[in-house]
Amino acid sequence: LVTFAQSEKKKYLLWLALFMGLGVLTKGPVAWLYVIFPIALGPLWLPPKIKPLIWYGGCFAALILSVIPVLIWLIPVLMQSSDKFAYWLVWEQTAGRVTGGFNDAHVRPFWFYLPAMPILCLPWLFLPSFWNGLTNIKHIYKNEWAVRLLIMWVVPVFVAFSFISGKQPHYLVPLLPGVIILIALWLETSFKKIMLISTALVALVIAGQGVASMTVFKNYDLKPMSNYLQDHIEHDWAFVRKYHGELTFLGRLNKTVDNEQMETIDLWFDSHPNGLAIVRYDQNDKMDAYEKLFDMPYRGKRMGVFKRNIHITLSPVSPI
């Protein structure tokens, strides 16, 4: 986008279209949001006096072309899917996350991202030079088109995400490069100090990942459950509560895993006498009616494989 703004060469629009399309394939239509604002606000940051028709016409063409990589994947998927799945995938996943109507939309209040902004500026906000440079941002904004571009990118997208009902902290990660470049522009300190702090921070993250892989991350590892499922694939399988295909993908299964709820699992066992159910549960869930075959910790709770307990003693029925 920047190179097109500087050179007006159309080949850069093709690259822009390709990478926007790949972005949508990676994270969905929200990927367009990160680019639309710098495009729409182009006249406020553009370095040369590019003609509006060339700018908006070229960028609009890139947006249209960016749909092609998406369609190459989407059309075969829809041809093999039901109308209900197509509606859920194309419309409900997108509009539902914006409005909060989607089941997994992670609805949060408007101010949810505000506490996350200081985290994006760590560890640099602890340096006095960070605040000294911040006071000069108005002057830099007027004289540096690159700063205007970064602000036209980061600020509108941040505000837009605040208005969208579905929020997660990691949704701001694509804004992190813009924030880092801005900080680098106004950070008045030596290169040696920046390198020292950066190296220490990277080392800390690597050490943290190493410790977490041996402790916390084990509570997120579904491989043992996937291995158990593969070893007993001859059974019918159900997953109780929310299922997102984790075990199907991890185990490379060609067999359907039914998604059930605690209220319906007995009916499922009625129609699947040899069935096994994977249940994520805690101490408040009553699992005495089922026989536990396998158990493991998972995300602060337990996850187990259960079958119907055939040794349950039924209450005697009085004769009529």
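Heads up: the sequence shown begins at 5 in my numbering, then just goes up one per residue.
All C-beta atoms, glycine included, are put in the ideal place defined by N, C-alpha and C.
Quick caveat: nothing in here was measured; it's all calculated off a predicted structure.
Integer Cβ distance of residue i from residue j, believed to fall under 8 Å
i: Ile237; j: Lys222; result: Actually they do not touch by this definition, with Cβ atoms about 25 Å apart.
i: Val183; j: Leu37; result: Not really, about 16 Å apart at Cβ, beyond 8 Å.
i: Leu45; j: Met199; result: Actually they do not touch by this definition, with Cβ atoms about 34 Å apart.
i: Gly32; j: Gln97; result: 7 Å
i: Thr193; j: Leu131; result: 6 Å
Close-in-space but distant-in-sequence residues of the same chain around residue i (CB under 6 Å, 5 per side omitted)
i: Gly25; result: Ser70, Pro73 and Val74
i: Trp59; result: Gly46
Same chain, Cβ closer than 8 Å to residue i, five either side skipped, listed in chain order
i: Arg17; result: For clarity, residue 17 is Leu in the given sequence; the question names Arg instead. Closer than 8 Å at Cβ, skipping near neighbours: Phe8, Gly62, Cys63, Ala65, Ala66 and Leu69.
i: Met291; result: Val283, Tyr285, Gly308 and Phe310
i: Ala164; result: Leu37 and Phe41
i: Pro52; result: Ala9 and Gln10
i: Leu257; result: Leu233, Gln234, Ile237 and Leu251
i: Val159; result: none
Assigned exposure category for residue i - 16 Cβ within 10 Å defines buried
i: Leu124; result: buried
i: Asp212; result: Looking at the sequence provided, one finds Gly at residue 212 rather than Asp. Looking at its Cβ environment, which holds fewer than 16 other Cβ atoms inside 10 Å, Gly212 is exposed.
i: Ala188; result: exposed
i: Leu205; result: exposed
i: Gly304; result: exposed
i: Glu264; result: buried
i: Ile43; result: buried
i: Met121; result: exposed
i: Ala281; result: buried
i: Trp241; result: buried
i: Arg152; result: buried
i: Tyr224; result: exposed
i: Gly137; result: buried
i: Gly249; result: exposed
i: Trp49; result: buried
i: Ala35; result: buried
i: Tyr91; result: exposed
i: Ala21; result: buried
i: Val220; result: exposed
i: Val261; result: buried
i: Leu5; result: buried
i: Val39; result: buried
i: Val81; result: exposed
i: Leu179; result: buried
Length of the line joining the Cα atoms of residue i and residue j
i: Met83; j: Trp149; result: 46 Å
i: Lys196; j: Leu208; result: 18 Å
i: Pro340; j: Val94; result: This structure cannot settle anything about residue 340, because the visible part of the chain is limited to 5 through 324.
i: Ile269; j: Val244; result: 7 Å
i: Gly170; j: Asn313; result: 41 Å
i: Glu12; j: Ile54; result: 8 Å
i: Met300; j: Trp115; result: 37 Å
i: Val326; j: Asp274; result: Missing from the structure shown is residue 326; the chain here goes from 5 to 324 and no further.
i: Thr252; j: Met229; result: 11 Å
i: Phe298; j: Val215; result: 27 Å
i: His239; j: Tyr247; result: 18 Å
i: Leu78; j: Lys146; result: 44 Å
i: Met266; j: Trp272; result: 10 Å
i: Trp19; j: Lys296; result: 54 Å
Closer than 7 Å to chain D by CB, residue i
i: Leu29; result: Among the chains in the structure shown there is no chain D, since it carries only a single protein chain.
Same chain only: Cβ atoms within 7 Å of residue i, ignoring 5 sequence neighbours per side
i: His143; result: none
i: Trp128; result: Phe134, Ile187 and Leu191
i: Tyr302; result: Asn223 and Arg284
i: Lys14; result: Gly62
i: Ser166; result: Phe114 and Tyr117
i: Ile141; result: Trp190
Ordered list of beta strand (DSSP E) runs contained in the stretch 210-268, each at least 3 residues: 241-244 and 261-264
What are the uninterrupted segments assigned as alpha helix (DSSP H) that are 4 or more residues long and contained completely in the stretch 172-210, given in chain order? 180-190
Within the stretch 109-168, ranges of the alpha helix (DSSP H) (whole runs, at least 4 residues) | 120-124, 132-138, 141-147 and 149-167
Discussion item. Report the start-end ranges of each beta strand (DSSP E) in the stretch 5-45 that is 3 residues or longer and not cut off at the edges.
Written reply: none
Next item on the list: Identify every run of the beta strand (DSSP E) within the stretch 259-313, keeping only runs that are complete inside it and at least 3 residues long; order them along the chain.
Entry: 261-264, 280-285, 294-302 and 305-312
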